[in-house]
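Participant: Going by my numbering, the residue at position 98 of the sequence shown is 339; the numbering climbs one at a time, nothing skipped.
Backbone N, C-alpha and C define an ideal beta-carbon position, used for all residues, glycine too.
The structure under discussion is supplied below as structure tokens; questions concerning it will follow.
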Amino acid sequence: MARAPRLVVIEPSGTRREVTVSGSPYRIGRQAGAELSLRDGRISRLQAQIVNDSGKYFLEDLGSKHGTFVNGAKVDRQELRAKDAIDFGIADSFRLIYLGETDGMADLEDLLGRVDASAPVQATSRELHHLGVLLEVARVLHTGMGLEDVLTTVVDAAIRLTHTERGVLLLNTSAGQLEHAVARDAHRRTLRKEEVDISLSVLKQVAKSRQELIVTDVGGDPGLGQQASVVRLQLHTVIAIPLEKLPVLGSLDTTVIRAAPELIGVLYLDSHSPSSAFSDLDREVLRSLASEATTVVENARLFADSRAKEKLDHELKIATEIQQQLLPKKFPESKAFTVSGINVACQAIGGDYFDVIELASGRYGVVVADVSGKGISAALLASMLQGVFSATAGMDIALEAIAVRVNKYLCERSADDRYATMFYGVIDPTGRLDYVNAGHPPALVRTSLGQVYPLGSDNAPVGMFDFAEYRSNRATLQPGDFVVIYSDGISEAHNPRDDMFGENGVRDTLKKFTGQTVEELMVAIRAAVREFTAGAAQSDDMTLLVVHYHGSGNA
Numbered sequence: 242m243a244r245a246p247r248l249v250v251i252e253p254s255g256t257r258r259e260v261t262v263s264g265s266p267y268r269i270g271r272q273a274g275a276e277l278s279l280r281d282g283r284i285s286r287l288q289a290q291i292v293n294d295s296g297k298y299f300l301e302d303l304g305s306k307h308g309t310f311v312n313g314a315k316v317d318r319q320e321l322r323a324k325d326a327i328d329f330g331i332a333d334s335f336r337l338i339y340l341g342e343t344d345g346m347a348d349l350e351d352l353l354g355r356v357d358a359s360a361p362v363q364a365t366s367r368e369l370h371h372l373g374v375l376l377e378v379a380r381v382l383h384t385g386m387g388l389e390d391v392l393t394t395v396v397d398a399a400i401r402l403t404h405t406e407r408g409v410l411l412l413n414t415s416a417g418q419l420e421h422a423v424a425r426d427a428h429r430r431t432l433r434k435e436e437v438d439i440s441l442s443v444l445k446q447v448a449k450s451r452q453e454l455i456v457t458d459v460g461g462d463p464g465l466g467q468q469a470s471v472v473r474l475q476l477h478t479v480i481a482i483p484l485e486k487l488p489v490l491g492s493l494d495t496t497v498i499r500a501a502p503e504l505i506g507v508l509y510l511d512s513h514s515p516s517s518a519f520s521d522l523d524r525e526v527l528r529s530l531a532s533e534a535t536t537v538v539e540n541a542r543l544f545a546d547s548r549a550k551e552k553l554d555h556e557l558k559i560a561t562e563i564q565q566q567l568l569p570k571k572f573p574e575s576k577a578f579t580v581s582g583i584n585v586a587c588q589a590i591g592g593d594y595f596d597v598i599e600l601a602s603g604r605y606g607v608v609v610a611d612v613s614g615k616g617i618s619a620a621l622l623a624s625m626l627q628g629v630f631s632a633t634a635g636m637d638i639a640l641e642a643i644a645v646r647v648n649k650y651l652c653e654r655s656a657d658d659r660y661a662t663m664f665y666g667v668i669d670p671t672g673r674l675d676y677v678n679a680g681h682p683p684a685l686v687r688t689s690l691g692q693v694y695p696l697g698s699d700n701a702p703v704g705m706f707d708f709a710e711y712r713s714n715r716a717t718l719q720p721g722d723f724v725v726i727y728s729d730g731i732s733e734a735h736n737p738r739d740d741m742f743g744e745n746g747v748r749d750t751l752k753k754f755t756g757q758t759v760e761e762l763m764v765a766i767r768a769a770v771r772e773f774t775a776g777a778a779q780s781d782d783m784t785l786l787v788v789h790y791h792g793s794g795n796a
């Protein structure tokens, strides 16, 4: 009596199983939606299909990468006959045997060594069965297949090992929720999430206890058998294995700290039929599968994190280049004074900036600002501050008005905990220096005689209080005087003993300075900071702007 055609699927490990060619077309490939899904990354997503044409069955290649072969010959379309061997042009991959529609199966079944699924596994063959399962998983792990394909192979292997009906691998999300990653049945079909109804009480128990749960009708757990979800689903076998990341050992002084292992997910299997008792070997192989799944998931996450870091590093590199381009590309050439500056970010990008703004009548504005915090958020606010400040200062209005406008702008557009300290000074060829200091470290003036005095004030930082008022101050420079404006990354630099360089460190450097140019003074200050910190890591952005006043009549 004729029946639907069947195929024997021979896996790379040698395991054989029989499937029915249900419907036409019957698609074959690695794609999860194919009627016969073969988990090998080298096989095309849709490799081939079997179609019923007027009662005859034909194999058609679907434009596969490596081709489809019948009895060793590459085909585009070929009528199938009983015992035809189907390959996919790849060594050590899947092979199919077409059985046709007849019932005369005994000789072929004997040839393929089929084992009745209902027969108990003999003790002498159990080890070989387990070895075949592990070899299949190991082969897949070395094919470079995607995460879903590898996890599917692990779940399929676990179902074969336990003789259960369904297997589900759930992964822990960043929110601490277990979500379905792969769901399969004993016929190697992918189950949709809405088709999978599993015991949530078992999942919660295993996730909380981090202990495996293996319950069968032999030596079962009476308490589990009374749980509502188990009763409702009429389950006789329930298996759940936690997937845990390996624990991390650390140390604090002489104390060894063992961090709790992270729960990656849960491998869950169940069946409506009773199962035989699990031997120690069964449990060890099942744990090995769970360990492989954990490793695969963790490696995938590390790879994804690595790619994300590479992308972030690339974006930070671009941001760093843009931020550096916003700094002055060249400094003004004035007979009255020379200017030079430098910015060294603590991280890839920083929250400090400096600028030199050309004004009318040979005057120049010099500004150093330091946004609270470090990193990307500080850099974004620093860029916004630089834009609004440059536009406002370019209007050449009173310094108090500039500070008020900038303060109001930042208060309206930045978070409450975001503000900036700022020193802005306008110097003219006569040596007059008008400045407003908004909570910034006092600029220091070093006279031609080696004396040092500060340019400070009591104004609040900009962006802190929308009602703040600002007042300016004035100083008169003499020929040969230097003005040093710096951020607190310099004054608050620490050495290995956690001492701070401080304003006194800057003052002492200025007093000892014997050079003649802004570049020499900048080098002296940076060298003094490096010597003081003695190799300690930089903890904040460092910005330095130096003005050397020559006098109104000097070249």
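Mind checking which residues open and close the beta strand (DSSP E) that includes Leu504?
Facilitator: The sequence position of residue 504 within the sequence shown is 263, counting from 1. 504-512 is the extent of the beta strand (DSSP E) around Leu504.
Participant: Any C-beta of chain D sitting closer than 8 Å to the C-beta of Arg286?
Facilitator: Judged by its chain identifiers, the structure shown contains no chain D, having just a single protein chain.
Participant: Ala360 by DSSP, collapsed to three states: which one?
Facilitator: Residue mapping note: residue 360 aligns to position 119 of the sequence shown, counting from 1. With a pLDDT of only 37 at Ala360, under the threshold of 50, the placement of this residue in the model should not be trusted; the figure read from the coordinates follows. The answer is coil: DSSP assigns Ala360 none of H, G, I, E or B.
Participant: Write down every uninterrupted run of the beta strand (DSSP E) in the segment 580-620 whose length is 3 residues or greater and which is fully enclosed by it, in chain order.
Facilitator: 593-599, 605-612
Participant: Would you kindly work out how many angstroms separate the C-alpha atoms of Asp348 and Val311, rounded to a whole number?
Facilitator: Residue mapping note: residue 348 aligns to position 107 of the sequence shown, counting from 1. Residue mapping note: residue 311 aligns to position 70 of the sequence shown, counting from 1. Low confidence applies to Asp348: its pLDDT is 37, below 50, so where it sits in the model is not reliable, and the reading given next is rough at best. So the two alpha carbons sit approximately 21 Å from each other.
Participant: Closest to Gly628 by CA distance: which of Leu651, Phe773, Ser728, Ala639 is it?
Facilitator: On the sequence shown, position 387 is the one that residue 628 refers to. Gly628 has its Cα closest to that of Leu651, out of Leu651, Phe773, Ser728, Ala639.
Participant: Compare the Cα-Cα distances from Asn648 to each of Ser618, Arg673, Thr671, Ala610 and report the closest residue.
Facilitator: For this step, residue 648 is matched to residue 407 along the sequence shown. Minimum Cα distance to Asn648 is reached at Ala610.
Participant: How long is the line joining the alpha carbons of Asp357 and Ala416, rounded to whole angstroms?
Facilitator: Residue mapping note: residue 357 aligns to position 116 of the sequence shown, counting from 1. Residue mapping note: residue 416 aligns to position 175 of the sequence shown, counting from 1. Low local confidence applies: a pLDDT of 37 at Asp357 is under 50, so the model's placement there is unreliable, and no value is given.
Participant: For the alpha helix (DSSP H) containing Ala765, list its first residue and its last residue.
Facilitator: Start at 1 with the first residue of the sequence shown, and residue 765 comes out as number 524. Here the alpha helix (DSSP H) through Ala765 covers 759-774.
Participant: How is the beta strand (DSSP E) around Ile338 delimited, first residue to last?
Facilitator: Working through the sequence shown from its first residue, we reach residue 338 at position 97. 336-341 is the span of the beta strand (DSSP E), which, as asked, contains Ile338.
Participant: So what does DSSP say about Ala416, is it helix, strand or coil?
Facilitator: As a position in the sequence shown, residue 416 is number 175, starting the count at 1. Correct three-state label for Ala416: coil.
Participant: Grouping DSSP H, G and I as helix and E and B as strand, with all else coil, what is Gln818?
Facilitator: Outside the modelled stretch of the chain, which goes from 242 to 796, sits residue 818, for which no answer is possible.
Participant: So, helix, strand or coil for Ala541, using DSSP?
Facilitator: For the purposes of this step, residue 541 is identified with residue 300 of the sequence shown, where counting begins at 1. Here Ala541 sits in helix by DSSP.
Participant: Work out the CA separation of Lys324 and Gly345 for me, nearest whole Å.
Facilitator: Translated into positions along the sequence shown, residue 345 becomes position 104. Translated into positions along the sequence shown, residue 324 becomes position 83. For Gly345, the predicted model reports a pLDDT of 37, less than 50, meaning its position is unreliable and no value from the coordinates is stated.
Participant: For Glu760, I'd like the list of residues in its chain whose CB is within less than 7 Å of its CB, leaving aside the five on either flank, ordered along the chain.
Facilitator: By 1-based counting over the sequence shown, the position of residue 760 is 519. For Glu760, where only same-chain residues beyond five positions count, the Cβ hits under 7 Å are Ser581.
Participant: Taking C-alpha atoms, which residue in Glu320, Thr309, Asp511 lies nearest to Ile327?
Facilitator: Residue 327 sits at position 86 when you count from the first residue of the sequence shown. It is Thr309.
Participant: Thinking Val703 and Met663 are a contact (beta carbons under 8 Å), I'd like their distance in whole angstroms, please.
Facilitator: Taking the first residue of the sequence shown as position 1, residue 703 is located at position 462. Taking the first residue of the sequence shown as position 1, residue 663 is located at position 422. Yes, they are in contact, since the Cβ atoms of Val703 and Met663 sit about 6 Å apart, within 8 Å.
Participant: Label His789 either buried or exposed according to how many other C-beta atoms from any shown protein chain fall within 10 Å of its C-beta, with 16 as the threshold for buried.
Facilitator: Here residue 789 refers to the residue found at position 548 of the sequence shown. His789 should be labelled buried.
Participant: Would you mind giving the Cβ-Cβ distance between Gly816 and Leu410, rounded to the nearest angstrom? I have them listed as a contact below 8 Å.
Facilitator: With the chain running from 242 to 796 in the structure shown, residue 816 is simply not present.
Participant: Between which two residues does the beta strand (DSSP E) carrying Ile480 extend?
Facilitator: Mapped onto the sequence shown, residue 480 falls at position 239. 478-485 is the extent of the beta strand (DSSP E) around Ile480.
Participant: Just curious, the alpha helix (DSSP H) that Thr393 is in, first and last residue?
Facilitator: As a working note, residue 393 is residue 152 in the sequence shown. Taken as a continuous stretch (DSSP letters only), the alpha helix (DSSP H) holding Thr393 covers 388-403.
Participant: Which term fits Leu690, buried or exposed, when burial requires 16 or more other beta carbons within 10 angstroms of its beta carbon?
Facilitator: The residue you call residue 690 lines up with position 449 of the sequence shown. It is exposed - the Cβ of Leu690 has fewer than 16 other Cβ atoms within 10 Å.
Participant: Based on Cα-Cα distance, which residue from Leu419, Cys587, Asp390 lies nearest to Gln779?
Facilitator: What you label residue 779 is simply residue 538 of the sequence shown in a count that begins at 1. When each option's Cα is compared against that of Gln779, the closest is Cys587.
Participant: Confirm, please, whether the CB-CB distance from Leu340 to Arg247 is below 8 Å.
Facilitator: As a working note, residue 247 is residue 6 in the sequence shown. As a working note, residue 340 is residue 99 in the sequence shown. In contact: Arg247 and Leu340 (Cβ atoms closer than 8 Å).
Participant: Would DSSP call His791 helix, strand or coil?
Facilitator: By one-based count along the sequence shown, residue 791 stands at place 550. In the structure shown, His791 sits in coil (DSSP, three-state: anything other than H, G, I, E or B).
Participant: Classify Phe723 as helix, strand or coil using the three-state DSSP reduction.
Facilitator: Along the sequence shown, read from residue 1 onward, the residue named residue 723 stands at position 482. Three-state result, Phe723: strand.
Participant: Do Leu510 and Ala534 have their C-beta atoms closer together than 8 Å?
Facilitator: Here residue 510 corresponds to residue number 269 of the sequence shown, with the count starting at 1. Here residue 534 corresponds to residue number 293 of the sequence shown, with the count starting at 1. Judged by beta-carbon spacing, Ala534 lies beyond the 8 Å limit of Leu510, meaning their Cβ atoms are not closer than that value.
Participant: For Ala734, report the span of its beta strand (DSSP E) as first-last.
Facilitator: Within the sequence shown, residue 734 is the residue found at index 493, counting from 1. Counting along the chain, Ala734 falls outside any beta strand (DSSP E), and DSSP gives it neither H nor E.
Participant: Have a look at Asn540 and Thr750 and give me their C-alpha separation to the nearest angstrom.
Facilitator: Taking the sequence shown and counting its residues from 1, one reaches residue 540 at position 299. Taking the sequence shown and counting its residues from 1, one reaches residue 750 at position 509. Roughly 52 Å separates the two Cα atoms.
Participant: Tell me, which residues are paired with Glu301 by DSSP?
Facilitator: Here residue 301 refers to the residue found at position 60 when the sequence shown is read from its first residue. Note: Glu301 is bridge-paired with Gln290, Arg318 in the DSSP secondary-structure output.
Participant: For Met800, which of helix, strand or coil comes out of DSSP?
Facilitator: Nothing about residue 800 can be reported from this structure: the residues present for the chain run from 242 to 796 only.
Participant: Please determine, among Tyr594, Ala634, Thr688, Lys570, the residue with the shortest C-alpha to C-alpha distance to Lys615.
Facilitator: The count along the sequence shown starts at 1 and reaches residue 615 at position 374. Comparing Cα positions, the closest option is Tyr594.
Participant: On the criterion of 16 or more Cβ atoms from any shown chain inside 10 Å, does Pro737 qualify as buried, or is it exposed?
Facilitator: Position 496 of the sequence shown, counting from 1, holds the residue named residue 737. With fewer than 16 other Cβ atoms within 10 Å, it is exposed.
Participant: Measure the alpha-carbon distance for Glu503 versus Asp729 and round it to whole angstroms.
Facilitator: Against the sequence shown, residue 503 aligns to sequence position 262. Against the sequence shown, residue 729 aligns to sequence position 488. Roughly 41 Å separates the two Cα atoms.
Participant: How would you label Phe706, buried or exposed, when you count the other beta carbons within 10 angstroms and need 16 or more for buried?
Facilitator: Translated into the one-based positions of the sequence shown, residue 706 becomes position 465. Classification of Phe706: exposed, given that the 10 Å Cβ count is below 16.
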